[in-house]
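For reference, the structure is listed below as structure tokens.
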Amino acid sequence: MMSGIAIKVSNVSKKFKIFEDKPATLKDRIIFRSKGVYQEKWVLRDISFDVPKGKMIGLIGRNGSGKSTLLKILTRILQPDKGSVEIVGRVSSLLELGAGFHMDFTGRENIYMNASIFGLSRKEIDGKIDEIIRFAELGPFIENPVRTYSSGMYMRLAFSIAVHVDPDILLIDEILAVGDNAFQKKCISRIESFKSQGKTIVFVSHDNGVMERLCDELYWIHESEIVQHGEPRKVVRDYMDFLNDSEERRLTEESEIVATLMENAEIVDIAEKVEKSEKTEKTEKTEKAGRWGNKLAEITRVTMVDSKGEEKHFFDKGKPVTIFIAYAALKAQIDKPVFGIGIYKMDGYCCYGTNTHIDNEKISLDNTGVIEVSIENLNLVAGEYYLDVACHHEDGTPYDYITKALTFNVKSYEEEIGVAYLAHQWVHKGGNVNNE
Amino acid sequence: MINDWIDIYKYREFLKNSVSKDLKTRYRGSVFGFLWTFLNPLMMLVVYSILFSIVVRMNVENYPLFLFSTLLSWNFFSGSILGSSSVIVGSANLIKKIYFPHEVLPISIVLGGLVNYIYGLVILIPALCIYGYYPNVYYLYLPLILLVQVILTLAISLIVSSLTVFFRDLEHMLIIIMNALFYLSGVLFPLTAVPEKVRWIFSYNPIAIMMDSYRDVFYYNKMPDMFSISMLGLFSLVLLVVAQRIFAKLKFRFIEEI
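Top line first, the protein sequences correspond to chains A and B.
Each residue of the first sequence is one higher than the one before, starting from 1 at the first, in the working numbering.
Each residue of the second sequence is one higher than the one before, starting from 1001 at the first, in the working numbering.
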């Protein structure tokens, strides 16, 4: 193998057999001569990459894309069906913390047991045991059986052993999903110190921020294949774009289904109305949750489009957005109408609300029409929001008020927090500034 | 193939820990605890002594000792084989989560059996002394016989442990096979009690050869048949190499089967 390469993965493919019925006894095998009914599924296809010594790479991708399988192949738990993996140096894995702990053994006994699974000699463990116990913060509990430990203590002990194996190569799978904040911080800082010691690390996480910050290179695995790799910032952005797009598609499909359902429902409604025309008049007026008003003017459709005029569920932060409110009204009975919008976070926090009265826009209605609200910059921080729209009389009598007329997402690569984006810039003036 | 053995050697600390874990946990929670390691063979000896001196009369001098000089090594052999047959499936949790050479599992069973056997000698040898069978120069052959037994047992354990993963029935079939083998290995009776016609079974049965060697040393206090032992040793070595190849071939499919 070339020098300077810690991990070399060449054309690795892996398939799983998904059994529907599996004969496990000799009788079944001999008499039925079947090997069971199964389907083959390639979980990894032709994966190749090198990890140079001392570099940290990250694997991103959706659940089930094959990331964890790849890590298991790197640890040699699984064997690839095709291709090969070459690894130079001692590998420690943070895949299954605490696997192989014996519940009846004390923490100390388990340290010896567990560290030896990683291939450490007794002498090496003797030299490290105090440090392992100290890092795990177990104190006197180290002499108690592991079954008496809380899950936090258990995790701390397991993590402490795994990181003290003094590996040349560290494989980490989504450990940040477990443990409290303090523990996670400890994990991250330990990973950082490994990095600065020049260890080679392969890291799997769904925390894109951490991935972007720590990794030297990212590999994006999608449906068993590497679709992109390179500079973390770029890969994360493309990956997030992809996620948002597929979410967009899912939501569109969903709303189409809802639309068809509603159409069908209307047909039924009409049929019912014909049957019991008298009763319906009253029921019609009962207010549904989330929508009320006397319906002298009715909001018939609300849409939200981006700068290209496309109807979407995801909008870029800071880009133009237009809201269309279509209405149908009994023109003669309406006087001094006011249209309003309100944007809320999903928890109900109002981010912004306004109406034509506040904005001094005089409107007189036709029988049908469309009100357009153009927002020049959608300066909301990334997240999910919903939109309320309303049409009411100037004195407040509602004609039609719809909460959650639609929900939408704002996407952004920045990780700012809060509600709104305030345009800003940072300026630094060094020590030479006069204090006059 | 050499690499496999080197890999196993690298995990010797884990192997050592597994063996001591088995020994430590076997009697955990019992009143006598580790003492059972000695109590077990002692009680066995007492039962056989009473049984064969009062209830059943065998035409062999000091029959309990005749029996006991081979029974311990038989228990070592059959315990290892039966233990190995379920060890891979039983360790599914570990195999699915951590990498280690899977050979370590059956090896640790066999070594655990060996340690137990050696503890058993602590009971056997004093018992022999009481009846006047004193340790002698032929005891020097014991390590060699034991080594051959370890190699043979290890080879069979490797095969059995890997095959059981694919044919679970083997585990139960082995109980029957071991039972039959017990009577065909001359543990219970001297070869002279067997009709000439079927005596060949014993001459070609590696386990019977081994049992004879132990008995020669402990009971007859004579030189074991070195030719047979050497041939058996050679056979065991070849079998071990083959067994390891089989195991190495099958072990990559363990994870999909357990």
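A virtual CB, placed ideally from N, CA and C, is assigned to each residue, including glycine.
Where residue i meets chain B, residues with beta-carbon distance less than 8 Å
i: A:K17; result: E1256
i: A:R76; result: Y1099
Proximity of residue i and residue j at Cβ, strictly below 8 Å
i: B:V1087; j: B:S1161; result: yes
i: A:E517; j: A:H206; result: Because chain A is modelled from 1 through 436, residue 517 of chain A falls outside the range shown and cannot be assessed.
i: A:Y327; j: A:G369; result: yes
i: B:T1037; j: B:Y1214; result: no
i: A:E415; j: A:G107; result: no
i: A:L59; j: A:V204; result: yes
i: B:Y1138; j: B:M1223; result: yes
i: B:L1174; j: B:I1246; result: no
i: B:V1165; j: B:S1108; result: no
i: B:F1227; j: A:I117; result: no
i: A:P167; j: A:S121; result: no
i: A:L380; j: A:Y349; result: no
i: A:V338; j: A:H313; result: no
i: A:A162; j: A:L74; result: no
Minimum Cβ-Cβ distance from residue i to chain A less than 8 Å
i: B:R1265; result: The first residue shown for chain B is 1001 and the last is 1258, placing residue 1265 of chain B beyond what the model contains.
i: B:I1006; result: no
i: B:T1070; result: no
i: B:K1222; result: no
i: B:F1252; result: yes
i: B:K1010; result: yes
i: B:K1249; result: no
Within chain B, partners of residue i - CB distance below 7 Å
i: A:S121; result: E1013
i: A:I117; result: F1014, I1098 and F1100
i: A:Q79; result: F1252
N-terminal and C-terminal residue of the beta strand (DSSP E) that residue i is part of
i: B:Q1149; result: Element bounds for B:Q1149: not the beta strand (DSSP E) but the alpha helix (DSSP H), L1142 to F1166.
i: A:P337; result: P337 to K345
i: A:S150; result: First-last for A:S150: undefined, no H or E at that position.
Cβ of residue i within 8 Å of any chain B Cβ
i: A:Y112; result: yes
i: A:Q39; result: no
i: A:H102; result: yes
i: A:A271; result: At A:A271 the pLDDT is 49, less than 50, meaning the model places this residue with poor confidence and gives no usable figure here.
i: A:I7; result: no
i: A:L94; result: no
i: A:R233; result: no
i: A:K429; result: no
i: A:V268; result: Summary for A:V268: the model assigns pLDDT 49, below 50, so the residue's position carries little reliability; its value from the coordinates is reported in the next sentence. Not an interface residue.
Boundaries of the alpha helix (DSSP H) in which residue i is found, first to last residue
i: B:S1085; result: Y1063 to G1090
i: B:F1100; result: Careful: B:F1100 lies outside any alpha helix (DSSP H) and carries neither H nor E.
i: A:S116; result: G107 to I117
i: B:F1202; result: W1200 to S1203
i: B:K1021; result: R1012 to R1026
i: B:Y1048; result: W1036 to I1050
i: A:T69; result: K67 to L74
i: A:S307; result: No alpha helix (DSSP H) holds A:S307; DSSP gives it neither H nor E.
i: A:E192; result: N181 to S196
i: B:M1210; result: P1206 to F1218
Where residue i meets chain A, residues with beta-carbon distance less than 7 Å
i: B:R1026; result: The contacting residues do not exist; B:R1026 stays about 12 Å from chain A at best.
i: B:L1094; result: A99 and G100
Residues that residue i contacts on chain A, provided the C-beta gap is smaller than 9 Å
i: B:N1003; result: The premise fails here: B:N1003 is roughly 13 Å from chain A at the closest Cβ pair, so nothing lies under 9 Å.
Neighbouring residues, chain A, relative to residue i (Cβ below 8 Å)
i: B:N1017; result: Y112, M113 and S116
i: B:K1197; result: Correct list: empty, because the minimum Cβ distance to chain A is about 33 Å.
At least 3 beta-carbon pairs within less than 8 Å: the region 75 to 93 of chain A vs the region 230 to 248 of chain A
no
Are the region 144 to 158 of chain A and the region 1059 to 1079 of chain B in contact at 8 Å, needing three or more beta carbon pairs?
no
Validate contact between the region 1150 to 1157 of chain B and the region 1177 to 1192 of chain B using beta carbons, cut 8 Å, 3 pairs:
Segments in contact, no.
The region 224 to 239 of chain A touching the region 44 to 57 of chain A, judged by at least three CB pairs closer than 8 Å
yes
Across the region 317 to 335 of chain A and the region 374 to 390 of chain A, are there enough close Cβ pairs to call them in contact, namely three or more that are closer than 8 Å?
yes
With three or more beta-carbon pairs closer than 8 Å as the criterion, would you say the region 1117 to 1128 of chain B touches the region 1029 to 1046 of chain B?
yes
Could you tell me whether the region 1021 to 1031 of chain B touches the region 97 to 112 of chain A, where touching means 3 or more Cβ pairs closer than 8 Å?
yes
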